[in-house]
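Have a look at the structure below before the remarks.
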Amino acid sequence: MSAANNDNSLGYTLKERNPYDVHVYYSTPEQREQAMVLRDKLQKQFGEWMRFYEPKGKPIGPHPVPMWEADFGSYEHRRNLIQVRDFLEQQRGNLSILIHPHSTDTDYMDHTQHAIWLGEALDLKLEGWPR
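Using numbering that gives the first Met the number 0, the first residue of the sequence shown is number 0, and each one after it goes up by one.
Given below as structure tokens:
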């Protein structure tokens with residue numbers, strides 16, 4: 000892999016695929032409403048290249064509470080990380096948001112050491128994940 004794969008200076012090398020996932024968490028009806036408003040704003044701002052998935056109304060996989068997910072779509076959008084992070088930080092209110100890469104390290108590393116948390120970090124269910 001070339002040095003261009005690590006151009007984000009965050010200490011890992013990205014796989015040449017969708018580079019980042021965004022997970023926005025909610026526990027209460029009020030937070031869910033806030034999360035859906037944020038989803039709409041993110042779609043308006045970055046919807047030309049980000050992909051959005053249906054909200055999950057219950058915990059799924061490593062995610063301990065309901066959430067919705069979006070991703071960066073393709074490797075070419077990796078350089079938009081700071082722009083998306085800053086937008087989410089400004090707009091998130093009291094929501095917890097996880098942004099994690101798809102690096103050449105393990106999924107465990109991507110969801111822990113390489114993770115970017117905005118707001119309160121949640122305890123993900125990572126038992127049994129290869130380290």
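Virtual Cβ for every residue (Gly too), placed ideally from N, Cα, C. Just so you know, these numbers come straight off a predicted model, no measurement behind them.
Original post:
Quick one: is W48 buried, meaning 16 or more other Cβ sit within 10 Å of its Cβ, or exposed?
Top reply: Numbered from 1 along the sequence shown, position 49 holds the residue referred to as residue 48. W48 comes out exposed.
**OP:** Would you kindly work out how many angstroms separate the C-alpha atoms of I98 and M108, rounded to a whole number?
**Re:** Mapped onto the sequence shown, residue 98 falls at position 99. Mapped onto the sequence shown, residue 108 falls at position 109. Going by the C-alpha atoms only, they are around 13 Å apart.
Original post:
Taking Cβ to Cβ, would you say M66 is nearer than 7 Å to Y24?
Top reply: In the sequence shown, counting from the first residue as 1, residue 66 sits at position 67. In the sequence shown, counting from the first residue as 1, residue 24 sits at position 25. Contact flag set, yes.
Original post:
For K57, which three-state DSSP category applies?
Top reply: On the sequence shown, position 58 is the one that residue 57 refers to. Looking at K57 - three-state DSSP - the assignment turns out to be coil, as it is neither helix nor strand.
Subject >> Span of the alpha helix (DSSP H), counted from its first residue to its last, around V83 >> reply: By 1-based counting over the sequence shown, the position of residue 83 is 84. Here the alpha helix (DSSP H) through V83 covers 80 to 90.
**OP:** Identify whether G10 lies in helix, strand or coil by the three-state DSSP scheme.
**Re:** For the purposes of this step, residue 10 is taken as the residue at position 11 of the sequence shown. Looking at G10 - three-state DSSP - the assignment turns out to be coil, as it is neither helix nor strand.
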